[in-house]
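Numbering (full-length UniProt numbering), first residue to last: 1 to 529.
In structure tokens:
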């Protein structure tokens with residue numbers, strides 16, 4: 001280990017060697033153990049088989065209601081996903097069925113494949129202790145674990161980004177021209193744009209870094225050919241598919257507040273800083289961004305001194321992403337930028353390694369406190385999620401409770417947010433008995449300025465019915481306007497009838513009411529007026 005630590009600060013690292021650093025066997029065994037833990041965490045989330053929540057249900061209905069050809073058209077419900085991901089996910093449903101695990105099979109495979117890909121990249125970029133630390137973070141940070149079992153493309157985005165970075169690093173490390181490495185780089189990039197929307201940003205950054213760091217004319221010529229192939233594939237993808245996504249105004253409006261702004265005012269600068277710091281908490285899962293940002297900055301500085309070509313390989317992909325966000329083409333916030341996780345974690349590990357090597361007992365003590373404060377929050381969250389995987393909007397469990405209690409003549413009312421997941425479970429997961437009751441769907445009261453009045457009006461429209469099942473799907477984190485439509489509805493129902501039964505699960509609730517008694521006056525209509 002001492003040899004490795006000395007090597008980390010050695011000036012010889014300014015120029016990459018012709019092959020990856022030789023990793024001692026004990027570090028390889030440790031890496032395998034960490035990867036097994038990462039596999040277990042991801043499989044635990046997958047096997048928990050939580051219900052589809054709103055965003056997943058949107059994509060699930062697109063997959064279930066369309067054939068291969070129709071998936072090539074713009075998706076319904078304000079959804080957008082790479083064509084390669086859609087076709088792979090659809091193939092999984094044809095082979096494995098229409099259940100939640102079949103729908104999430106492709107994200108799981110991507111999440112599992114990302115672990116060895118990340119280790120291969122980390123061991124080439126960092127000394128063994130730092131690479132092992134980076135792998136530990138990648139294996140256990142909650143967002144990376146969670147999205148490996150969610151029906152969205154973000155887990156695949158990470159795997160694709162790693163494949164690009166790994167093939168780019170292979171070209172970067174060579175001390176002489178090898179055509180095979182450029183061929184692999186070209187093929188990986190050509191395929192990437194069909195499977196990941198943000199792959200184009202990683203390709204742009206990696207291509208620019210490699211071109212600027214190329215040692216000879218032959219390497220630059222090869223990179224120009226590679227870049228031309230990438231551009232042709234992206235242009236074809238844009239003309240065939242991405243242009244239709246760009247024309248979806250509703251999808252674009254849902255990204256409002258997630259774009260960087262040109263720094264021309266204090267408000268714009270403040271918003272940009274918030275978005276630039278958000279990945280440390282939202283994408284990586286740290287409890288707060290301060291310590292993680294400090295470790296990242298220290299790691300970038302260490303990489304810049306150690307190997308500037310590697311520094312640019314990991315930093316350059318951010319610039320196309322920033323530009324696309326400034327031009328309002330792609331958001332730089334939340335789940336869509338999960339692919340940046342490797343770009344953050346490798347410098348963070350380098351920064352933590354630099355801190356740990358600080359001389360003296362004081363340096364080790366401060367390093368230990370720093371590591372504890374940084375890692376305590378995500379470690380606790382990961383253990384809790386492993387021991388008790390949590391869902392978001394458990395529609396399936398609520399319907400399983402209500403289904404055997406339905407009677408002829410019952411009314412079933414579902415709020416607007418629960419409508420899509422309800423339709424998926426009724427049509428594809430064996431709850432068809434709800435269809436015979438002609439369910440009533442809410443009118444989209446969430447997030448409106450007149451929410452209170454509209455909730456009361458909806459509830460009063462149900463008055464006079466003897467048995468009414470009301471099913472609410474509510475985001476566990478709450479709504480942006482802080483008004484809980486479910487609480488408002490229950491308050492209104494208290495004056496209309498009596499509650500007979502209830503079932504509450506995480507993010508989803510069912511209540512049975514008898515509303516056949518005398519009803520209270522409708523909102524805005526006082527008695528005697």
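Idealized CB from N, CA, C, for every residue including glycine.
{"query": "Alpha-carbon to alpha-carbon, residue 419 and residue 128", "result": "50 Å"}
{"query": "Residue 169 classed as buried or exposed, judged by whether at least 16 other C-beta atoms fall within 10 angstroms", "result": "buried"}
{"query": "Distance between residue 97 and residue 307 (C-alpha atoms, nearest Å)", "result": "49 Å"}
{"query": "First and last residue of the uninterrupted alpha helix (DSSP H) at residue 309", "result": "308–315"}
{"query": "Supposed contact pair residue 317 and residue 48 - C-beta distance, whole angstroms, cut 8 Å", "result": "Contact flag wrong, Cβ pair sits at about 33 Å."}
{"query": "Helix, strand or coil at residue 419 [DSSP, three-state]", "result": "helix"}
{"query": "For residue 153, three-class secondary structure by DSSP", "result": "coil"}
{"query": "Residue 193 and residue 233 closer than 8 Å at C-beta", "result": "yes"}
{"query": "Residue environment, residue 463, which counts as buried when at least 16 other CB atoms sit within 10 Å", "result": "buried"}
{"query": "Length of the line joining the Cα atoms of residue 140 and residue 43", "result": "12 Å"}
{"query": "Same chain, Cβ closer than 8 Å to residue 93, neighbours up to 5 away in sequence not counted", "result": "63, 64, 102, 103"}
{"query": "Residue 52 to residue 210 span [Cα, whole Å]", "result": "42 Å"}
{"query": "Cβ contact check for the segment 218–237 and the segment 117–127: 3 or more pairs under 8 Å", "result": "no"}
{"query": "Residue 499, enclosing beta strand (DSSP E) - first and last residue", "result": "498–505"}
{"query": "Reduced DSSP category for residue 473 - H, G, I as helix; E, B as strand; rest coil", "result": "strand"}
{"query": "Spatially closest choice to residue 264 from 326, 208, 188, 279, by CA coordinates", "result": "326"}
{"query": "Continuous beta strand (DSSP E) stretch holding residue 514: start and end", "result": "508–514"}
{"query": "Within 8 Å, strictly: CB atoms of residue 107 and residue 151", "result": "yes"}
{"query": "Proximity winner among 352, 440, 435, 377, relative to residue 133 (alpha-carbon distances)", "result": "352"}
{"query": "With 16 other Cβ atoms within 10 Å as the buried cut-off, status of residue 616", "result": "In the structure as shown, the chain begins at 1 and stops at 529. Residue 616 is therefore absent and cannot be evaluated."}
{"query": "Helix, strand or coil at residue 255 according to DSSP, with G and I counted as helix", "result": "coil"}
{"query": "Cβ pair residue 461, residue 415 closer than 8 Å", "result": "no"}
{"query": "Collapsed DSSP secondary structure at residue 183 in the structure displayed", "result": "helix"}
{"query": "As assigned by DSSP and simplified to three states, the class of residue 262", "result": "coil"}
{"query": "Pick from 177, 227, 149 that is closest to residue 187, judged by C-alpha positions", "result": "227"}
{"query": "Start-to-end residues for the beta strand (DSSP E) that takes in residue 93", "result": "Not the beta strand (DSSP E): residue 93 falls in the alpha helix (DSSP H), residues 83–96."}
{"query": "One or two residues paired with residue 468 in a DSSP bridge", "result": "411, 513"}
{"query": "Opening and closing residue of the alpha helix (DSSP H) in which residue 123 lies", "result": "105–125"}
{"query": "Cβ pair count under 8 Å reaching 3, the segment 335–349 against the segment 274–294", "result": "yes"}
{"query": "Simplified DSSP state of residue 46, which is helix, strand or coil", "result": "helix"}
{"query": "DSSP state of residue 138 mapped onto helix, strand, coil", "result": "helix"}
{"query": "Status (buried if at least 16 other CB within 10 Å, exposed otherwise) for residue 435", "result": "exposed"}
{"query": "Close-in-space but distant-in-sequence residues of the same chain around residue 2 (CB under 7 Å, 5 per side omitted)", "result": "Only weak support exists for where residue 2 lies, its pLDDT of 38 falling under 50; the coordinates are left without a value."}
{"query": "Nearest-angstrom Cα separation, counted from residue 114 out to residue 161", "result": "9 Å"}
{"query": "Close beta carbons around residue 77, own chain, < 6 Å, minus the five adjacent residues each side", "result": "58"}
{"query": "Alpha-carbon spacing of residue 549 relative to residue 50, whole angstroms", "result": "Nothing can be reported for residue 549, as the shown portion of the chain is limited to 1 through 529."}
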